[in-house]
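Input: a single structure, listed below in C-alpha cells.
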Amino acid sequence: MQFSSFAEFIDMGGYGFYVWLSFGMATLLLVLLVMNSLVSNKQVKQRIAKQQARQEKLKRAAKQQAQLSQSS
Amino acid sequence: MWKWLHPYANPEITYHFTGKLTPWFTWLSIILLAIGLTWALLFAPADYQQGESFRIFYIHVPAAILSMSIYVGMAIAAFSGLVWQLKLADASAAALAPVGAVFTAIALITGAAWGKPMWGTWWIWDARLTSELILLFLYLGVIALHNAFEDKALAGKAAGILAIVGVINIPIIKYSVEWWNTLHQGATVSKFGKPAMSADMYWPFLFCFFGFAFFVAAVTCLRFKTEILSRNSMRPWVKALVKEEIK
Amino acid sequence: MMSINIPSYRQAFMLMLKRDLTIALRHKDDIFNPLLFFIIVVTLFPLGIGPEASTLSRIAPGIIWVAALLATLLSLDRLFKADFADGSLEQMMLIPQPLFIIVLAKIIAHWLITGLPLIFIAPVLAVLLHLNENSYGALMITLLIGTPVLSFIGAIGVALTVGIKKGGVLLSLIVLPLYIPVLIFATSAIDTAAMNLPYSGQVAIIGALFFTSFTLAPFAVSAALKVSTN
Amino acid sequence: MPSSNALLHADKLTCIREDRILFEALSCQFNQGDIVQIAGPNGAGKTSLLRILAGLSQPFEGEVHFQNQPLHKNVELYNQNLTYIGHLAGIKGEMTAQENLAFYLAMQGLPPHAAEQTLENVNLLGFEDALASHLSAGQHRRIALARLWQCQKPIWILDEPFTAIDKQGVKNLENLFVEHAKQGGCVILTTHQDLAIDAQLVKTIELEYQLV
Chain A
1 MQFSSFAEFI DMGGYGFYVW LSFGMATLLL VLLVMNSLVS NKQVKQRIAK
51 QQARQEKLKR AAKQQAQLSQ SS
Chain B
1001 MWKWLHPYAN PEITYHFTGK LTPWFTWLSI ILLAIGLTWA LLFAPADYQQ
1051 GESFRIFYIH VPAAILSMSI YVGMAIAAFS GLVWQLKLAD ASAAALAPVG
1101 AVFTAIALIT GAAWGKPMWG TWWIWDARLT SELILLFLYL GVIALHNAFE
1151 DKALAGKAAG ILAIVGVINI PIIKYSVEWW NTLHQGATVS KFGKPAMSAD
1201 MYWPFLFCFF GFAFFVAAVT CLRFKTEILS RNSMRPWVKA LVKEEIK
Chain C
2001 MMSINIPSYR QAFMLMLKRD LTIALRHKDD IFNPLLFFII VVTLFPLGIG
2051 PEASTLSRIA PGIIWVAALL ATLLSLDRLF KADFADGSLE QMMLIPQPLF
2101 IIVLAKIIAH WLITGLPLIF IAPVLAVLLH LNENSYGALM ITLLIGTPVL
2151 SFIGAIGVAL TVGIKKGGVL LSLIVLPLYI PVLIFATSAI DTAAMNLPYS
2201 GQVAIIGALF FTSFTLAPFA VSAALKVSTN
Chain D
3001 MPSSNALLHA DKLTCIREDR ILFEALSCQF NQGDIVQIAG PNGAGKTSLL
3051 RILAGLSQPF EGEVHFQNQP LHKNVELYNQ NLTYIGHLAG IKGEMTAQEN
3101 LAFYLAMQGL PPHAAEQTLE NVNLLGFEDA LASHLSAGQH RRIALARLWQ
3151 CQKPIWILDE PFTAIDKQGV KNLENLFVEH AKQGGCVILT THQDLAIDAQ
3201 LVKTIELEYQ LV
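Residue numbers (this note's numbering), protein chains in the order written: chain A, 1 to 72; chain B, 1001 to 1247; chain C, 2001 to 2230; chain D, 3001 to 3212.
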C-alpha cells in the first residue's frame, strides 16, 4: 500500500485532479460504450419483432382477402 | 485452403458461438481489471520523476496501444470481407469501429490530463498525441460512413474500403506527423522518455492491458451479435430467437 | 458469337477523358467556382489576421495549401455525382474495359479542370501574401505534384459517398484526414525553400505519394463505385 | 441443369433489399433467340433481378453464369456481349444528342459517323445538334435506345424500355427485338405494357410480391 490515509489516496501527491479526471473520463466513456452496445442490441431485436408483427398482419389480411374472393 | 472457415461463415453458428464466448471475456475482463486497477492505484510505486501522476499511465498506454491495434484488426477484417466475400468479416469490422473510437478518445483525454501537470498545458502538438487525434478522425469517418448507408451489407463494404485506405495511410500519417514535429519543435519539448519499468510497475500494467483487451473482446462480441441480427433479420432462426427473447 | 471489335484500353481512356473535358468546358461553373473559392479564402486570411507582411509571409504556404485542399474538396462532388444521378455511371461500369481505366481518365480530367487552374493562380495569390521570394519554385512544384494526389485520394471519398443523399459533410470528414501528409510535406518544402535550403527531400516524398495514389487509388475507387451503385 | 446452349443462366439467386426477401432461390435461363419478359407488380424485384443479371448488383446468394462460367470470372467478356439500359438513360445534358450517342457507339468500337444515321431510326433526325438538356425525357430515352440499332452484342437487358416512347416508337422497338432474337440474340426486358409480339416468341418470368 502506497498511501497511509484515504485523503492522501484522493490527493495523489498533488496530482489528484488529473489522475481522477483520467480514471473518471475513462470509466464514463467505457460505461457509455457498454450502454450503447446493450441498447442497440435491444433496439435491433425490437425492430425485428415489430417487423415480424407487421408481416404477420399483412399475411392475415392477404389470407382473408383470398377467402373473401373465393366465397364470392 | 479456406474450407475450415466454412462453418464460421454460417451466421447462425457464429452467433451462438459468439454468445458462448461473451461471458468468458466479460468475466476475464472484470477480474483482470479489478486486480490491475487496484494494484495500479494503490500498490504500484510512484514514478521518481512524475510522482503519482504516473498512475494515468496504466490507462493511457493500454488505451493507446489498443486504439491502434483495433484499427489494424478492423482493416484486416474488412480486407478479408472484401477479398473472400465473407459477410461476417464485414460485420465484425463494423462492430470494432465504435470500440476503437472510444479507446482512441480515452487515450487522447488521459494524454491531455497527463500532459497538463507534466508539460503545463492540456494540449501540445506532440507527435503521438497528434497522430492519435488523426486516428480518431479516421475512426469517426468510418463510423459516419457506416451510419450513412441504410443497407447494412453495403454499409459494411463501404466502411471496409475506407478502413483499408486508412490503414495504408496510418504509417504515412504517423511518419509525416513525427517528421513535422521534430521539424517545428525540435528538442524543446521533452517527450516522456520510455520509463525504465520495474517489475512492480510492469505487472499491474500487464493486468490492466489484458483487462482492457478482454473488455474490447467482450464489447465487440456483443456488437458483433447485434450486427449479425440486423443483417439477417429475415432469417427464420433470427425470428425465432427474437420471439423467444422479447416477450 | 458475333465478332466485336472493342476499343483498346488507350482508346477507351482517351474517349472518356475527351468526354469529361467537353462536359466541363461547356459547364464553365465547374472550373471557375472552385477557383473563385480558392481566391476568396486566401484573401480572407489577411483580413482576419492583419496586414503585417512578416506574419503573412510566415503563414503564406499554409494558407495557400489549406485553401487548395478546401477548393479541391469543393470540386470533388462533380467527379461522380452527375454521372451517378443520370445513369452514366452504370453504363461506365458495363464498359468492357476494366473500370480503373475509366476511373483514371475521370480523375485526370478532374485534375486538369480544377487542379491545374489553381497552379496558375497560386503565384498571384502568393504575391498578395508576401510569400518569400525564394519559395515560388517550391510552391509551384509542390502544387504541381501535390494537387493530383488530392484528386486521387478525394476520388476514393467521392466514390464511397456518391450514393448517399447528404454526402457533402461526410466527404470532408472522410477525405481531409487523408490529406494531412501532403499538407505537411508541401508546406515544409515551401518553408525550407524560404530559408534557401534544399527541399528535394520533401518533393521526393510528395512524388512517392503521387505514384502510390496514382497506382492504388483507381482500384480503391473502382471497388467503392461497385458498392455505391449496388 | 441448364442446357448447353444457354447464353445466360441464373442459379438460385436470392435478393434481399432492406430486410425484405425479394426473391429466393430463383433459377432461370436465357437462350439465344429468347425474348423474355420479367413481369410482376411494383416492388417485386424486377429491376433488382435485371441489375443482378447485368452484373451491376451482387445477389445475396447464388450466382449468374454466362456461357456456363460464373460472371465474376469473366466480367470483361460478359460486358463485351451485354447492353444494359436502365431506368436512367445515361444521357449528359451538356452534350448534343449526336455526341451522346457517338460516345456510347465509340465505346463499342463503332465509328462516330454511325450516330447520325442511327438517330433517324428513333425519329430524332434534326435534333442531332441540340444539347440534350434541351430535350425531353422521352427523347433522352430514345437517344439511349438508339444504340440498339447498331448493337452487335447478343444480350440486351432493358429496364422499362417503352417508358415515355410513343406508339410508333414502341412498334419499331418491338420489331427490332424480334429481328435481334431471330439473329441469335437474347432480349430480357421489363414492361408494364403488353407486348405486341407473337406470344410464342415471348417467354415470361413472373415475380410475385412476397410478404415474408
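Even for Gly, the Cβ is constructed at its ideal location relative to N, Cα and C.
Using a 10 Å radius around the Cβ and a threshold of 16 neighbouring Cβ atoms, would you call D1211 of chain B buried or exposed? Residue mapping note: residue 1211 of chain B aligns to position 211 of the second sequence, counting from 1. It is worth fixing the name first, because residue 1211 of chain B is Gly in this sequence and not Asp. Buried.
Check whether the Cβ atoms of V2221 of chain C and I2164 of chain C lie closer than 7 Å to each other. Here residue 2221 of chain C refers to the residue found at position 221 when the third sequence is read from its first residue. Here residue 2164 of chain C refers to the residue found at position 164 when the third sequence is read from its first residue. No, the Cβ-Cβ distance between V2221 of chain C and I2164 of chain C is not below 7 Å.
Contact criterion: CB-CB distance below 7 Å. Does K1239 of chain B meet it with respect to chain A? Taking the second sequence and counting its residues from 1, one reaches residue 1239 of chain B at position 239. It does; some Cβ of chain A falls within 7 Å.
Against chain B, which members of the stretch 3012-3036 of chain D pass a CB distance test of less than 8 Å? I3016, R3017, E3018, D3019, R3020 and I3021
Assign R60 of chain A to one of three DSSP states: helix, strand, or coil. Numbered from its first residue, the first sequence carries residue 60 of chain A at position 60. If DSSP states are grouped into helix, strand and coil, R60 of chain A belongs with the helices.
Starting from Q2097 of chain C, trace the alpha helix (DSSP H) both ways and give me its first and last residue. Counting from one through the third sequence, the residue named residue 2097 of chain C turns up at place 97. Here Q2097 of chain C belongs to no alpha helix (DSSP H), and DSSP marks it neither H nor E.
With a cut-off of 7 Å, does the C-beta of P2177 of chain C fall near any C-beta of chain D? Here residue 2177 of chain C is taken as the residue at index 177 of the third sequence, counted from 1. Not closer than 7 Å to any Cβ of chain D, the Cβ of P2177 of chain C fails to qualify, so no.
When the cut-off is 7 Å and only beta carbons count, does Y3209 of chain D lie next to chain C? The count along the fourth sequence starts at 1 and reaches residue 3209 of chain D at position 209. Not one chain C Cβ lies under 7 Å of Y3209 of chain D.
On the three-state DSSP scale, how would you describe I3157 of chain D? Here residue 3157 of chain D refers to the residue found at position 157 of the fourth sequence. I3157 of chain D: strand per DSSP, three-state reduction.
Within-7 Å CB hit, E3128 of chain D to chain C: Taking the fourth sequence and counting its residues from 1, one reaches residue 3128 of chain D at position 128. Not one chain C Cβ lies under 7 Å of E3128 of chain D.
Using a Cβ cut-off of 7 Å (strictly closer), state whether I2174 of chain C contacts chain B. Indexing the third sequence from 1 puts residue 2174 of chain C at position 174. Output row for I2174 of chain C: interface = yes.
Using beta carbons (cut-off 7 Å, strictly below), is M1234 of chain B in contact with chain D? Reading the second sequence from its first residue, position 234 is the one you call residue 1234 of chain B. At least one chain D Cβ lies under 7 Å of M1234 of chain B.
Where in the stretch 2027-2071 of chain C do unbroken runs of the alpha helix (DSSP H), each at least 4 residues long, occur, reported from the N-terminal end onward? 2029-2049
For A3102 of chain D, which residues in the same chain have their Cβ closer than 7 Å to its Cβ, ignoring the five residues on either side in sequence? Taking the fourth sequence and counting its residues from 1, one reaches residue 3102 of chain D at position 102. Cβ neighbours of A3102 of chain D beyond the five flanking positions: P3112 and A3115.
Please work out which residues of its chain come closer than 8 Å, Cβ to Cβ, to T3014 of chain D, disregarding the five sequence neighbours upstream and downstream, and give them in chain order. Within the fourth sequence, residue 3014 of chain D is the residue found at index 14, counting from 1. I3021, F3023, E3024, A3025, L3026, P3059, F3060, E3061 and G3062, listed in sequence order.
CB contact below 7 Å: N1147 of chain B versus chain C: Start at 1 with the first residue of the second sequence, and residue 1147 of chain B comes out as number 147. Not an interface residue.
Three-state secondary structure assigned by DSSP to G24 of chain A: Numbered from 1 along the first sequence, position 24 holds the residue referred to as residue 24 of chain A. Helix.
Let me check one thing: in DSSP terms, what residues is G1051 of chain B bridge-paired to? Translated into positions along the second sequence, residue 1051 of chain B becomes position 51. Looking at the DSSP assignment, G1051 of chain B forms a beta bridge with B:D1047.
Residue from B:E1012, B:W1180 and B:A1163 with nearest C-alpha to S1080 of chain B: One-based indexing of the second sequence puts residue 1080 of chain B at position 80. The option with the nearest alpha carbon to S1080 of chain B is B:A1163.
Taking 7 Å as the CB-CB cut-off, is P2096 of chain C touching chain D? Sequence index remark: in the third sequence, residue 2096 of chain C carries index 96 (1-based). Answer yes: the Cβ-Cβ gap between P2096 of chain C and chain D drops below 7 Å somewhere.
7 Å Cβ cut-off: residues of chain B touching F2045 of chain C: In the third sequence, residue 2045 of chain C corresponds to position 45, counting from 1. By Cβ distance, chain B contributes nothing, its closest Cβ being about 20 Å from F2045 of chain C, past 7 Å.
Compute the beta-carbon to beta-carbon distance between G1141 of chain B and D1090 of chain B, rounded to the nearest angstrom, for a pair I have assumed lies under 8 Å. Position 141 of the second sequence, counted from the start, is the residue given in the question as residue 1141 of chain B. Position 90 of the second sequence, counted from the start, is the residue given in the question as residue 1090 of chain B. Rounded, the Cβ-Cβ distance is 17 Å, inconsistent with contact.
Return the chain-ordered list of same chain residues with a C-beta closer than 7 Å to the C-beta of G16 of chain A, the five sequence neighbours on each side being excluded. As a first step, residue 16 of chain A must be located in the first sequence, where it is residue number 16. Around G16 of chain A: I10.
Leaving out five residues on either side along the sequence, give the residues of the same chain with a beta carbon under 6 Å from the beta carbon of S2200 of chain C. One-based indexing of the third sequence puts residue 2200 of chain C at position 200. Cβ neighbours of S2200 of chain C beyond the five flanking positions: none.
Using a Cβ-Cβ distance under 7 Å, would I48 of chain A count as near chain B? As a first step, residue 48 of chain A must be located in the first sequence, where it is residue number 48. Chain B contact via Cβ: present.
If T3190 of chain D and K3046 of chain D are in contact, beta carbons under 8 Å, what's the gap, nearest whole angstrom? Walking along the fourth sequence from the start, residue 3190 of chain D turns up at place 190. Walking along the fourth sequence from the start, residue 3046 of chain D turns up at place 46. About 4 Å separates the two Cβ atoms, so the contact holds.
Can you find the residues in the same chain that come closer than 7 Å, C-beta to C-beta, to E3208 of chain D, ignoring five residues on each side of it along the sequence? Counting from 1 along the fourth sequence, the entry for residue 3208 of chain D is found at position 208. Contacts found: G3040 and A3044.
Euclidean distance between Cα positions of P2051 of chain C and H2027 of chain C: Position 51 of the third sequence holds residue 2051 of chain C. Position 27 of the third sequence holds residue 2027 of chain C. Whole-angstrom Cα-Cα distance: 37 Å.
Just to confirm before moving on: does the CB-CB distance between N3079 of chain D and L2104 of chain C stay below 7 Å? As a working mapping, residue 3079 of chain D is identified with position 79 in the fourth sequence. As a working mapping, residue 2104 of chain C is identified with position 104 in the third sequence. No, they are not a contact pair.
6 Å Cβ shell around L2069 of chain C - same chain, five flanking residues per side excluded: Locating residue 2069 of chain C in the third sequence gives position 69, counting from the first residue. Taken in chain order, the residues that qualify are Y2179.
For I1976 of chain C, decide whether its Cβ has a neighbour in chain D, counting only Cβ atoms nearer than 7 Å. Residue 1976 of chain C cannot be examined here, being either before or after the span of chain C that is shown, 2001 to 2230.
Same chain, Cβ closer than 6 Å to R1223 of chain B, neighbours up to 5 away in sequence not counted: Locating residue 1223 of chain B in the second sequence gives position 223, counting from the first residue. Around R1223 of chain B: A1095.
Within 10 angstroms of its Cβ, does A61 of chain A collect 16 or more other Cβ (buried), or is it exposed? As a position in the first sequence, residue 61 of chain A is number 61, starting the count at 1. A61 of chain A is exposed by the Cβ-count criterion.
Given that I3091 of chain D touches chain C, what residues does it touch there, using C-beta distances under 9 Å? Walking along the fourth sequence from the start, residue 3091 of chain D turns up at place 91. Within chain C, the residues near I3091 of chain D are D2086, G2087 and S2088.
Below-7 Å beta-carbon distance, I2145 of chain C vs any chain B residue: Here residue 2145 of chain C is taken as the residue at index 145 of the third sequence, counted from 1. No - not a single Cβ of chain B is within 7 Å of the one on I2145 of chain C.
Could you tell me whether any Cβ in chain B is nearer than 7 Å to the Cβ of A53 of chain A? Here residue 53 of chain A is taken as the residue at index 53 of the first sequence, counted from 1. A53 of chain A does not count as touching chain B.
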